[in-house]
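Participant: Shown below is the structure under consideration.
Protein chains: 2
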Amino acid sequence: MRGREAVPDKQRAIGAEAAAAGPRERRGVGGAPAFRSLALGGVCLLAALALTSAGARASGGGAGGEGGHETGRLLLDLFILFVGAKLGGEICLRLRQPVVAGEILAGMIIGPHLLGLVSGSEFLGTFAQLCVVFLLFIVGLEVEPAGLLRVGKQASVVALAGMLLPFGLAMALMQWLQRPLPEALFVGAAMTATSVGITARVLSDMGQLRTRVAQVILGAAVMDDIGGMLVLAVVSGITAGALSGWEIGVLVGETCAFLVLAVMLGRPAMRRLSPGLYRSTMGSNRSVLFALAIAVCFAFSALAEVIGLAAIIGAFFAGIIFSELEEAPELRRSMEPIYELLVPIFFVLMGANVDVPRLLTMDVLPVGLVITALAIIGKVAGCGVASYRLGLREALAVGVGMAPRGEVGIVVALIGLSKGVVSNDVYAQVILMSVLTSLFAPSLLRVLLVPPAEATPNEQEASS
Amino acid sequence: MRGREAVPDKQRAIGAEAAAAGPRERRGVGGAPAFRSLALGGVCLLAALALTSAGARASGGGAGGEGGHETGRLLLDLFILFVGAKLGGEICLRLRQPVVAGEILAGMIIGPHLLGLVSGSEFLGTFAQLCVVFLLFIVGLEVEPAGLLRVGKQASVVALAGMLLPFGLAMALMQWLQRPLPEALFVGAAMTATSVGITARVLSDMGQLRTRVAQVILGAAVMDDIGGMLVLAVVSGITAGALSGWEIGVLVGETCAFLVLAVMLGRPAMRRLSPGLYRSTMGSNRSVLFALAIAVCFAFSALAEVIGLAAIIGAFFAGIIFSELEEAPELRRSMEPIYELLVPIFFVLMGANVDVPRLLTMDVLPVGLVITALAIIGKVAGCGVASYRLGLREALAVGVGMAPRGEVGIVVALIGLSKGVVSNDVYAQVILMSVLTSLFAPSLLRVLLVPPAEATPNEQEASS
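Line order of the protein sequences matches chains X and H.
745 is the number of the first residue of the first sequence in our numbering; add one for each residue after it.
745 is the number of the first residue of the second sequence in our numbering; add one for each residue after it.
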């Protein structure tokens, strides 16, 4: 479980009771030489396979035939992507950094723009869209509205301030740079949503999940996710030409109706339906629930696309339907292998999309760093001010805890890229922002969270 | 667990100790009205969604844009395929028939040739190739050579006879029909491999897993799988132009080397490597093993393609590497959700490939039925004669138990189809053969297996 963090830890964080009950091992840092040889072995393996594949391509594919050769290339790509993601994640884990940053960086390195170990095929592009549907379904599955209500008012103020300020800052910057409005909107949307997994992981590591600060952060981050979906719906609508207030209103209405449908109708319906389904089908409860969840996930994502919203919005709301079911923990366990298979591949593909040499030019990098700075300032200022009542240090901790962007921001950038609204440069800048905010937040949060009376930073270092 | 049978039951059957220990629920048949309304609801849902999608297509896609609309179509296809597979499987389960037959039949019905609810996209074709890699990996994961050795000699004679006779009969038929040699070879190859899951399920249902007959069937079926991979390698090689004895020898050598590599080197290496990996990485043992298994599965499949074998051969051998690891049961549990997600989609897609109206014409159907008859006769005669020492009724039970073809035969047909070696008509005939042998065997086996002194057929009916 510790190998991944983005979402399973959100679950651990928000559903703290369940997490405390689970017999999850913690493994100390150790065996560094073994790891080094492992990493070395992995890199050698990658290099060897890349050479093999280059040889196979040069020789025209051997006896495998045309179709067979394509399959071989795809499997090789998947192997390289998966191993690269796991190595990058493991290295980041050892440096006490978020796994997702390691996966994206690994993608940048092995991607077509740097080492060129993987060839960006059309299949992988579509496959990533499928991965992200499952990712957002699982993110939705971790949202527990009941938990939200406890910290509701304060968290919603924090969430709102933390969305508006970064969005406004991003829009202002893009306007100042004279970028087209649709692109500016997408960048703004990518800046709104916090990746709660990274912060939840830090909070959980430090045993502070039950503090007021943690509850506010987690509550606000979840509202952020929902708000991010609304913003994405509006932004997609505007860029697709729905510029009148009426049409935007329809999109917001559709999204809200979707959410209400999921929460008001879907959840009770599922609670009523599932016992009947268990009784009337021949499968085990686990596999029936799993099949139902997959079916609803596909149906809602397809429905969202059909009515003009993004597929992930439907997937996210489908997840919410199942999140408070009695059997939700079991369903989350069933989704874990799918998460562990698809999500690293997704993030490494997102990294591979980045044109790294171009990103490092003076045309692109400075703006990327400014976007990153605005992303941090926006959340720290917005959320910090909104939670000033908790005290200065705590308010700062809330702001920093809300700073990391992760899956949702990247997905928004991906949608913009695939619609042709976001340029490759801006895509790279947004991914950079996601990686840097994810790297910056955990370390600072660890410092801010230490209750000064109880532990010095050294003790904290030793105990974690 | 009872929802699926092809492979998880193989595991249950061969690793009978593990199965007996697992707290797997069994659910009685009941709630038929609830099921009927459920099925009705599902069908209505399917129809509604198909209409929605037709409407969306007619109106040109709405605000989603070009890329977004394609994603929506894909998700809708996946939804229809998945729900169709689950409904078909459930119906077959209630009729005490193999799930896989229901999934294939569902695919035939909703596929582009009959109802046309799904559009066969290029993505789904490649996706199926990926599904089958996981399917064969999991099949390999169920192979436990130690269990094979107990019944080794007798089972290998049965397996060999049960492969040679159907292969020869198929070749003779295809030659008589003056079909080209490569196609004949593929049909022969598709006739060789037994789908052990279906028989294992019947044996397990009747509590006869530990009888001599069951052990011989299960042992021979596993050898069948390995033999089927060898035959596939040779057949693919021949059809790709490697007609000289030398080149065929190389292919067989490669496949055997692959097997030896997996069993002799891979298994001990994995046993040694995994504790070190657990110590030296930060992930939980479960997730590290899972990542390792996925990486090896991708690597072996890609390697198999690069050296000119089919990807599934590599995936199958990769599965064997992990099958006798101490942690194999845990790995199998981790693979279950992936199996439950991908395998129904695979079989339903295989059904959707079948041109049903064409299959039902007098040009195609009679040959399909003859192929089916030869498939049954070949196994019953070949395996039955080879196991005559067990007694007439038992020998017949072995023959019938070996008759169902499933995943491997279908995969062989798919490879032939995608290479352009197997025609659409012959593909449809092979799928028909797979479905009919799977439907025929369980009922007959139930009759044959009742020890006459202990229970009448009626009692058996009541107790199972």
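Where is the CB? At the ideal position from N, CA and C, for every residue including glycine.
Here the structure is a predicted model, which is why all the values come from computation and not from measurement.
Spatial neighbours of X:Tyr1171 within its chain, please: CB distance less than 6 Å, with the 5 preceding and 5 following residues excluded, ordered by chain position.
Facilitator: Position 427 of the first sequence, counted from the start, is the residue given in the question as residue 1171 of chain X. Closer than 6 Å at Cβ, skipping near neighbours: Ala1157, Leu1161.
Participant: Might you give, ordered along the chain, the residues of its own chain that have their beta carbon closer than 6 Å to the beta carbon of H:Asp821, omitting 5 neighbours on each side?
Facilitator: The residue you call residue 821 of chain H lines up with position 77 of the second sequence. Result list for H:Asp821: Val862, in chain order.
Participant: Going by other Cβ atoms of all chains shown within 10 Å of its Cβ, with 16 needed for buried, is H:Gln873 buried or exposed?
Facilitator: For this step, residue 873 of chain H is matched to residue 129 along the second sequence. By the neighbour-count rule (16 or more Cβ atoms within 10 Å), H:Gln873 is buried.
Participant: Please classify H:Glu1070 as buried or exposed, where buried requires at least 16 neighbouring CB atoms within 10 angstroms.
Facilitator: In the second sequence, the residue the question calls residue 1070 of chain H occupies position 326. Under this definition H:Glu1070 is an exposed residue.
Participant: Looking only at its own chain, which residues have a Cβ that is under 6 Å from the Cβ of X:Gly884, when we skip the five neighbours before and after it?
Facilitator: Here residue 884 of chain X refers to the residue found at position 140 when the first sequence is read from its first residue. Around X:Gly884: Phe1060, Gly1063, Ile1064.
Participant: X:Glu1141 and X:Leu1189: beta carbons closer than 8 Å?
Facilitator: Position 397 of the first sequence, counted from the start, is the residue given in the question as residue 1141 of chain X. Position 445 of the first sequence, counted from the start, is the residue given in the question as residue 1189 of chain X. Here residue 1141 of chain X is Ala; the residue named in the question, Glu, does not match the sequence. In contact: X:Ala1141 and X:Leu1189 (Cβ atoms closer than 8 Å).
Participant: Find the residues of chain H that neighbour X:Asp816, judging by a C-beta separation of less than 7 Å, and give them in chain order.
Facilitator: For the purposes of this step, residue 816 of chain X is taken as the residue at position 72 of the first sequence. According to the sequence displayed, residue 816 of chain X carries Gly and not Asp. In chain order: Ala1046, Glu1049, Val1050, Ala1055.
Participant: Output the residue ranges of the alpha helix (DSSP H) runs that lie fully inside the region 1082 to 1151 of chain X and measure 4 residues or longer, sorted by chain position.
Facilitator: Qualifying alpha helix (DSSP H) stretches, in chain order: 1100 to 1103, 1109 to 1130, 1136 to 1145.
Participant: Short of 6 Å in beta carbon distance, which residues of its chain neighbour X:Gly747, apart from the five on each side in sequence? Order them along the chain.
Facilitator: In the first sequence, the residue the question calls residue 747 of chain X occupies position 3. Its pLDDT being 36, under 50, X:Gly747 is placed unreliably by the model, and nothing is read from it.
Participant: State the DSSP-derived secondary structure class of X:Val1191, mapped to helix, strand or coil.
Facilitator: For the purposes of this step, residue 1191 of chain X is taken as residue 447 along the first sequence, with counting starting at 1. In this structure, X:Val1191 counts as helix in the three-state DSSP scheme.
Participant: Restricting to Cα atoms, I'd like to know which of H:Ile970, H:Arg945, H:Leu879, H:Ile1115 is closest to H:Ala1001.
Facilitator: The residue you call residue 1001 of chain H lines up with position 257 of the second sequence. Nearest of H:Ile970, H:Arg945, H:Leu879, H:Ile1115 to H:Ala1001, Cα basis: H:Ile970.
Participant: Would X:Leu818 pass as a contact of X:Gly832 if the rule is Cβ separation under 8 Å?
Facilitator: By 1-based counting over the first sequence, the position of residue 818 of chain X is 74. By 1-based counting over the first sequence, the position of residue 832 of chain X is 88. No, the pair does not count as a contact, with Cβ atoms beyond the cut-off.
Participant: If you count every other CB in all the chains shown that lies within 10 Å of the CB of H:Gly1052, and 16 or more means buried, which is it?
Facilitator: The residue you call residue 1052 of chain H lines up with position 308 of the second sequence. So H:Gly1052 ends up on the buried side.
Participant: Alpha carbon to alpha carbon, how far is H:Ala903 from H:Leu1193? Give it in angstroms, no decimals.
Facilitator: Walking along the second sequence from the start, residue 1193 of chain H turns up at place 449. Walking along the second sequence from the start, residue 903 of chain H turns up at place 159. Near 20 Å, if we compare the C-alpha coordinates of H:Ala903 and H:Leu1193.
Participant: Within the same chain, show all residues whose beta-carbon is closer than 6 Å to that of H:Val1191, passing over the 5 residues directly before and after it, in chain order.
Facilitator: Position 447 of the second sequence, counting from 1, holds the residue named residue 1191 of chain H. Excluding sequence neighbours, H:Val1191 sits near nothing in its chain.
Participant: Work out the CA separation of X:Val876 and X:Arg945 for me, nearest whole Å.
Facilitator: Residue numbering aside, residue 945 of chain X sits at position 201 when the first sequence is read from its first letter. Residue numbering aside, residue 876 of chain X sits at position 132 when the first sequence is read from its first letter. Taking the straight line joining both Cα atoms gives about 21 Å.
Participant: Which of the three DSSP states, helix, strand or coil, is assigned to X:Leu858?
Facilitator: Start at 1 with the first residue of the first sequence, and residue 858 of chain X comes out as number 114. DSSP places X:Leu858 in coil when its eight states are reduced to three.
Participant: Note the first and the last residue of the continuous alpha helix (DSSP H) segment covering H:Ile942.
Facilitator: Here residue 942 of chain H is taken as the residue at index 198 of the second sequence, counted from 1. Element bounds for H:Ile942: 940 to 949.
Participant: Kindly indicate the opening and closing residues of the alpha helix (DSSP H) around X:Gln999.
Facilitator: Start at 1 with the first residue of the first sequence, and residue 999 of chain X comes out as number 255. Gln is not the amino acid found at residue 999 of chain X; the sequence shown has Thr there. 989 to 1004 is the extent of the alpha helix (DSSP H) around X:Thr999.
Participant: Give the range of the alpha helix (DSSP H) segment to which H:Ala984 is assigned.
Facilitator: Position 240 of the second sequence, counted from the start, is the residue given in the question as residue 984 of chain H. Careful: H:Ala984 lies outside any alpha helix (DSSP H) and carries neither H nor E.
Participant: Is there contact between the region 913 to 930 of chain H and the region 970 to 985 of chain H, where contact requires at least three CB pairs shorter than 8 Å?
Facilitator: Short answer: they touch.
Participant: Excluding the 5 residues flanking X:Glu847 on each side, which residues of the same chain have their C-beta closer than 6 Å to its C-beta?
Facilitator: Against the first sequence, residue 847 of chain X aligns to sequence position 103. Same-chain partners within the cutoff: Ala829, Gly832, Gly833, Pro1088, Phe1091, Val1092.
Participant: Are X:Val895 and X:Gln841 close, meaning C-beta to C-beta below 8 Å?
Facilitator: Reading the first sequence from its first residue, position 151 is the one you call residue 895 of chain X. Reading the first sequence from its first residue, position 97 is the one you call residue 841 of chain X. Result no, Cβ atoms of X:Val895 and X:Gln841 do not sit closer than 8 Å.
Participant: Looking at H:Phe1184 and H:Ala734, is the spacing between their C-beta atoms short of 8 Å?
Facilitator: Here chain H comprises residues numbered 745 to 1208, so residue 734 of chain H is not present and cannot be evaluated.
Participant: Would you call X:Ile1004 buried or exposed, if buried means 16 or more other Cβ atoms sit within 10 Å of its Cβ?
Facilitator: Residue 1004 of chain X sits at position 260 when you count from the first residue of the first sequence. Note that residue 1004 of chain X corresponds to Val in the displayed sequence, not to Ile. Classification of X:Val1004: exposed, given that the 10 Å Cβ count is below 16.
Participant: Given that X:Met1014 touches chain H, what residues does it touch there, using C-beta distances under 8 Å?
Facilitator: Stepping through the first sequence from its first residue, residue 1014 of chain X is reached at position 270. Ordered by position in chain H, no residue passes the 8 Å Cβ test against X:Met1014, which lies about 14 Å from the chain.
Participant: For X:Val931, return the contacting residues in chain H, with the cut-off set at a CB-CB distance below 7 Å.
Facilitator: As a first step, residue 931 of chain X is located in the first sequence; it is residue number 187 there, counting from the start. The contacting residues do not exist; X:Val931 stays about 18 Å from chain H at best.
Participant: I'd like to check one pair, X:Ile1057 with X:Met973: are the Cβ atoms closer than 8 Å?
Facilitator: Stepping through the first sequence from its first residue, residue 973 of chain X is reached at position 229. Stepping through the first sequence from its first residue, residue 1057 of chain X is reached at position 313. For X:Met973 and X:Ile1057, yes; Cβs fall inside 8 Å.
Participant: Under DSSP, the alpha helix (DSSP H) around X:Lys897 begins and ends at which residues?
Facilitator: Residue mapping note: residue 897 of chain X aligns to position 153 of the first sequence, counting from 1. From DSSP, the alpha helix (DSSP H) with X:Lys897 extends over 896 to 920.
Participant: For X:Arg1011, which residues from the same chain have a beta carbon less than 6 Å from its beta carbon, with the 5 sequence-adjacent residues on both sides left out?
Facilitator: Your numbering for residue 1011 of chain X matches position 267 in the first sequence. Once the five neighbours on either side are set aside, the close Cβ partners of X:Arg1011 are Ile1065.
Participant: Buried or exposed for H:Pro856, please, with buried defined as at least 16 other CB atoms from any protein chain shown within 10 angstroms of its CB.
Facilitator: Walking along the second sequence from the start, residue 856 of chain H turns up at place 112. The residue is exposed, with fewer than 16 neighbouring Cβ atoms inside 10 Å.
Participant: Quick one: residues in its chain with C-beta nearer than 7 Å to the C-beta of X:Gly932, no 5 flanking neighbours on either side, listed in chain order?
Facilitator: Taking the first sequence and counting its residues from 1, one reaches residue 932 of chain X at position 188. These residues qualify, in order along the chain: Phe911, Ala914, Met915.
Participant: Quick one: grab the DSSP three-state call for H:Glu1071.
Facilitator: Translated into positions along the second sequence, residue 1071 of chain H becomes position 327. Note: H:Glu1071 maps to coil in three-state DSSP.
Participant: Quick check on the DSSP output: the alpha helix (DSSP H) that includes H:Ser1028 runs from which residue to which?
Facilitator: By 1-based counting over the second sequence, the position of residue 1028 of chain H is 284. Unbroken run through H:Ser1028: none, as it is neither H nor E.
Participant: For X:Ser1167, which of helix, strand or coil comes out of DSSP?
Facilitator: By 1-based counting over the first sequence, the position of residue 1167 of chain X is 423. Three-state DSSP puts X:Ser1167 in coil, outside helix and strand.
Participant: At what residues does the alpha helix (DSSP H) containing X:Glu866 begin and finish?
Facilitator: Along the first sequence, one-based indexing puts residue 866 of chain X at 122. Residues 866 to 885.
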